[in-house]
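Undergrad: Protein chains in written order, with the UniProt record's numbering: chain A, 1 to 102; chain B, 1 to 156. For each residue, glycine too, the CB sits at the ideal point set by N, CA and C. First the structure, then my questions, so here it is.
And the structure:
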């Protein structure tokens, strides 16, 4: 099963050179990332990364993100990001409700 | 809205612009928009001889962008200005790479019924917080300058 995903962000906890599978963590949540299609992304443990791709649910019910795009986002203010994301979603929801009523 | 101002918008707002009878574009409140600025991650890139097409993802919508590289084909004898514009456009095209966070400015156009930006200039954002700044600027300008307010309730 494949899902298109919104960007996934997290700290790089593991990276296997042989399989090109990385594990990122954010709080108590971790996600495996298949990075075999990525070029020009240098992996450094402890750095913060963003990936965009397809989320695949494997037969054993484990999820893996097949990344199409990845980038290092060291320096991102995560608290500000999360607060701003909530504001942005609220703003979009307000606009869409206006759009529907006009 | 001043037609020479680049209006800062989220991609979801750009793709939902409506077309006006004079073939321009308008926000949901009727304000006309010609030029826009957005920030997002490059998630697709297709280079041809005469143009570069790429897709910008800002988390709200996917926006096609086109950067023309046809300056030397527009006349049989290109002027020095055409050559300069072509050189600048090629330099900009080389900066567009998958995974880069970019600020893109340009004119809203439509191709096969899909909104896109015809790029006038772009830059790579090295600071990942540039994306957050753009969101907050879009919200502030939307509320205070573009008048994109939520609908008033009947008892307010």
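(1) Could one say the Cβ of residue 99/B lies closer than 8 Å to chain A's Cβ atoms, at least one of them?
(2) State the start and end residues of the unbroken beta strand (DSSP E) segment that holds residue 51/A.
(3) Any contact of the segment 91-107 of chain B with the segment 115-127 of chain B, i.e. 3+ C-beta pairs under 8 Å?
(4) Compile a chain-ordered list of the residues in the segment 66-90 of chain A whose CB is closer than 7 Å to at least one CB of chain B.
(5) Using a Cβ distance threshold of 8 Å, determine whether the segment 67-83 of chain B contacts the segment 11-26 of chain B, with at least three qualifying pairs required.
(6) How long is the line joining the alpha carbons of residue 136/B and residue 81/A, rounded to whole angstroms?
(7) Do you know how far the Cα of residue 43/B is from the Cα of residue 51/B?
(8) If we count the other Cβ atoms within 10 Å of its Cβ and call it buried at 16 or more, is residue 87/B buried or exposed?
(9) Kindly indicate if chain A contains any beta-carbon less than 8 Å away from that of residue 117/B.
(10) Sorted by chain position, which residues of the same chain lie with C-beta nearer than 7 Å to residue 4/A's C-beta, five sequence neighbours on each side aside?
(11) Name, going along the chain, the residues of the segment 113-140 of chain B whose beta-carbon falls closer than 7 Å to a beta-carbon of chain A.
(12) Relative to the C-alpha of residue 32/B, which candidate in 56/B, 5/B, 53/B and 83/B has its C-alpha closest?
(13) Given 8 Å as the limit, is there contact between the segment 13-30 of chain B and the segment 52-68 of chain B, that is, 3 or more CB pairs closer than that?
TA: On the basis of the data shown:
(1) yes
(2) 48-57 is the span of the beta strand (DSSP E), which, as asked, contains residue 51/A.
(3) Using a Cβ-Cβ distance cut-off of 8 Å, the segment 91-107 of chain B and the segment 115-127 of chain B are in contact, since at least three pairs of beta carbons, one from each stretch, lie closer than that value.
(4) Contact residues of the segment 66-90 of chain A toward chain B are 68, 69, 70, 71, 73, 75, 76, 77, 80, 81, 84, 87 and 88 (C-beta to C-beta distance below 7 Å).
(5) no
(6) 10 Å
(7) 17 Å
(8) exposed
(9) no
(10) Legend: pLDDT at residue 4/A = 46, less than 50; position of this residue unreliable, value from coordinates given subsequently. Cβ neighbours of residue 4/A beyond the five flanking positions: 54.
(11) 127, 128, 129, 132, 135, 136 and 139
(12) 5/B
(13) yes
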